[in-house]
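J.: Handing you this structure, nothing more for now.
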Amino acid sequence: MGGLPAGKVEPAEHDYADWERRVDALMIILSGGKGGRKLMTVDELRKNIEALPPDAYDRMGYYERWVTSITQIMIQRGVITTDELGRKMAEIDKRG
Amino acid sequence: MVEARFKPGDRVKVRKAYPLGHIRTPFYIRGHSGVIERICGAFGNPEELAQQRSGEPKQPLYRVRFVQNEVWPAYKGNPEDVLEVEIFQHWLE
Amino acid sequence: MKDNGSYQPYSYFQLMEVSLRELLVEKGIVTETQVAEEVAAMRMRTPAIGAKVVARAWVDDSYKQKLLENGSRACEELGIEVAALKLVVVENTPSTHNVVVCTLCSCYPRMLLGIPPEWYKSRSYRSRTVSEPRAVLAEFGLRIDENMKIRVHDSTADMRYLVLPMRPAGTDGWNEERLAAVVTRDCMIGVAVPKSS
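Protein chains in written order, with our numbering: chain U, 93 to 188; chain P, 288 to 380; chain F, 2 to 198.
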């Protein structure tokens with residue numbers, strides 16, 4: 093997006109929530125950091141973020157994009173399946 | 288590892304190409320000319336790493352310095368203002 | 002959406018995080034301990050680490066030279082964990098101001114500054130810093146004299162950048178700790194300069 097027209101820079105800050113920090117931690121571990129098995133590259137993370145439609149990209153928060161991308165990579169690499177994810181999300185939603 | 292073809296001070300041009308895939312060469316700098324500021328080393332090719340491949344052989348990575356006035360026609364500022372971008376060798380000619 | 006008083010249901014993405022993590026734990030790929038430890042380590046990485054490096058460079062000229070030659074190695078010398086960080090330190094001088102951006106994503110020297118602030122990752126900062134740095138810096142309240150040269154660093158690949166700001170006037174005799182206290186995160190990104198008061 094370098095050089096494209098855009099509005100003023102809002103010096104926004106927010107303290108990251110625990111779930112956002114866990115997404116960050118998962119990325120580091122799955123990239124082979126902290127003794128994790130290397131199951132993804134940062135380039136795959138970026139590729140899957142770039143694949144988001146522009147309106148979704150703008151609507152989503154930073155770690156929302158990350159968690160979407162990391163989950164996509166795990167599906168693409170066959171670490172988890174779409175079906176497992178769907179069932180797990182329904183189970184957790186119910187559990188609350 | 289691919290051998291480095293350029294050295295600091297060399298004048299280079301960024302290839303003007305728009306393929307698909309994950310690319311670490313920003314759009315805005317494609318087609319522009321600059322000068323090698325330094326060789327950063329050699330790193331896995333991000334275009335390959337993004338597609339679950341090894342990224343080997345490693346590609347030399349450079350920092351290339353561009354004059355702002357040459358990159359942005361309407362640039363406002365000091366004529367000596369510069370922009371430095373990391374670019375992999377296979378994007379330079 | 003369930004109506005349970007103050008109960009906050011998971012957002013779609015929080016649900017995804019919990020689900021992904023639980024699946025990975027069930028499959029033995031990550032452990033909850035690993036995640037918790039990394040989160041704790043992340044909380045320890047703050048701009049105070051970068052400030053310590055800057056303060057050392059201000060009081061020790063030979064250290065400054067090492068830092069400019071090989072940023073990662075110079076950080077390790079201070080006992081800072083750099084992991085895979087390839088650090089390039091760029092020095093502000095009376096004639097040159099440096100500012101760092103990543104137009105492609107949000108590359109940032111996280112080992113030295115922690116998680117990047119929201120604005121660093123914003124569309125406006127990433128789009129405009131490369132093409133109109135003076136206007137962007139002015140929005141941060143930093144006016145760069147026309148006679149000064151600006152170097153914008155687009156952190157597009159494997160290197161990470163830290164700005165070594167100029168030591169402010171009025172800090173003669175200050176020890177490293179006191180000096181480090183005036184080095185803010187924004188000074189090390191290049192959208193601010195340190196002040197002695």
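For each residue, glycine too, the CB sits at the ideal point set by N, CA and C.
From a predicted model like this one, the values you see are computed outputs, not experimental measurements.
What separation, rounded to the nearest whole angstrom, lies between the Cα atoms of Cys188/F and Val194/F?
T.: Stepping through the third sequence from its first residue, residue 188/F is reached at position 187. Stepping through the third sequence from its first residue, residue 194/F is reached at position 193. Roughly 5 Å between the two C-alpha positions.
J.: Cβ atoms of Val159/U and Met17/F: under 8 Å apart, would you say?
T.: For the purposes of this step, residue 17/F is taken as residue 16 along the third sequence, with counting starting at 1. For the purposes of this step, residue 159/U is taken as residue 67 along the first sequence, with counting starting at 1. Result yes, Cβ atoms of Met17/F and Val159/U sit closer than 8 Å.
J.: Apart from the five residues on each side of it in sequence, which residues of its chain come closer than 6 Å, Cβ to Cβ, to Ile316/P?
T.: In the second sequence, residue 316/P corresponds to position 29, counting from 1. Hits under 6 Å: Val301, Val372.
J.: Against chain F, does Phe293/P count as a neighbour if the rule is that its beta carbon must be under 8 Å from one of theirs?
T.: Here residue 293/P refers to the residue found at position 6 of the second sequence. No, its Cβ sits nowhere closer than 8 Å to a Cβ of chain F.
J.: Cβ atoms of Val299/P and Ile326/P: under 8 Å apart, would you say?
T.: Locating residue 326/P in the second sequence gives position 39, counting from the first residue. Locating residue 299/P in the second sequence gives position 12, counting from the first residue. No; because the gap between Cβ atoms is not below 8 Å, this pair is not in contact.
J.: Considering only C-alpha positions, which residue in the set Ser197/F, Arg186/F, Trp175/F is nearest to Asp61/F?
T.: Against the third sequence, residue 61/F aligns to sequence position 60. Nearest option by C-alpha distance: Trp175/F.
J.: Could you name the residues of chain F that Asn365/P contacts, counting a contact when the two beta carbons are closer than 8 Å?
T.: Here residue 365/P is taken as the residue at index 78 of the second sequence, counted from 1. What Asn365/P touches in chain F: Glu147, Asn148, Met149, Lys150, Ile151.
J.: Alpha carbon to alpha carbon, what distance is there between Gly29/F and Asp4/F?
T.: Taking the first residue of the third sequence as 1, we reach residue 4/F at position 3. Taking the first residue of the third sequence as 1, we reach residue 29/F at position 28. Caution applies to Asp4/F, whose pLDDT of 47 falls short of 50 and renders its modelled position unreliable; the value that the coordinates give is listed next. If I take the Cα positions, the gap works out to 36 Å.
J.: If you count every other CB in all the chains shown that lies within 10 Å of the CB of Phe353/P, and 16 or more means buried, which is it?
T.: Reading the second sequence from its first residue, position 66 is the one you call residue 353/P. Buried is the call here.
J.: In or out: Leu138/F buried (at least 16 other Cβ within 10 Å) or exposed?
T.: Taking the third sequence and counting its residues from 1, the one referred to as residue 138/F is at position 137. Flag for Leu138/F reads buried.
J.: Which of the three DSSP states is assigned to Cys188/F in this structure?
T.: For the purposes of this step, residue 188/F is identified with residue 187 of the third sequence, where counting begins at 1. Helix, per DSSP.
J.: According to the Cβ coordinates, are Gly72/F and Val89/F closer than 8 Å?
T.: Working through the third sequence from its first residue, we reach residue 72/F at position 71. Working through the third sequence from its first residue, we reach residue 89/F at position 88. Contact flag set, yes.
J.: Apart from the five residues on each side of it in sequence, which residues of its chain come closer than 7 Å, Cβ to Cβ, to Phe392/P?
T.: Given that chain P is displayed from residue 288 to residue 380, the structure contains no residue 392/P and the question cannot be resolved.
J.: If the criterion is Cβ atoms closer than 8 Å, does the pair Leu68/F and Val91/F meet it?
T.: Reading the third sequence from its first residue, position 67 is the one you call residue 68/F. Reading the third sequence from its first residue, position 90 is the one you call residue 91/F. Against a cut-off of 8 Å, the Cβ pair of Val91/F and Leu68/F comes out as no contact.
J.: Taking just the CA atoms, how far does Pro117/F sit from Glu380/P?
T.: Stepping through the second sequence from its first residue, residue 380/P is reached at position 93. Stepping through the third sequence from its first residue, residue 117/F is reached at position 116. Distance between the alpha carbons of Glu380/P and Pro117/F is about 34 Å.
J.: Checking 8 Å against the spacing of the C-beta atoms, do Val115/U and Tyr155/U come in under that value?
T.: Here residue 115/U corresponds to residue number 23 of the first sequence, with the count starting at 1. Here residue 155/U corresponds to residue number 63 of the first sequence, with the count starting at 1. Their beta carbons are under 8 Å apart, which means Val115/U touches Tyr155/U by this criterion.
J.: Hey, how far is the Cα of Asn332/P from the Cα of Arg350/P?
T.: Residue numbering aside, residue 332/P sits at position 45 when the second sequence is read from its first letter. Residue numbering aside, residue 350/P sits at position 63 when the second sequence is read from its first letter. Approximately 16 Å between the Cα atoms of the pair.
J.: Using the three-state DSSP reduction, which class does Ile172/U fall into: helix, strand or coil?
T.: Taking the first sequence and counting its residues from 1, the one referred to as residue 172/U is at position 80. Looking at Ile172/U - three-state DSSP - the assignment turns out to be coil, as it is neither helix nor strand.
J.: Cβ of Glu371/P less than 8 Å from any chain F Cβ?
T.: Numbered from its first residue, the second sequence carries residue 371/P at position 84. Cβ-Cβ to chain F under 8 Å: yes for Glu371/P.
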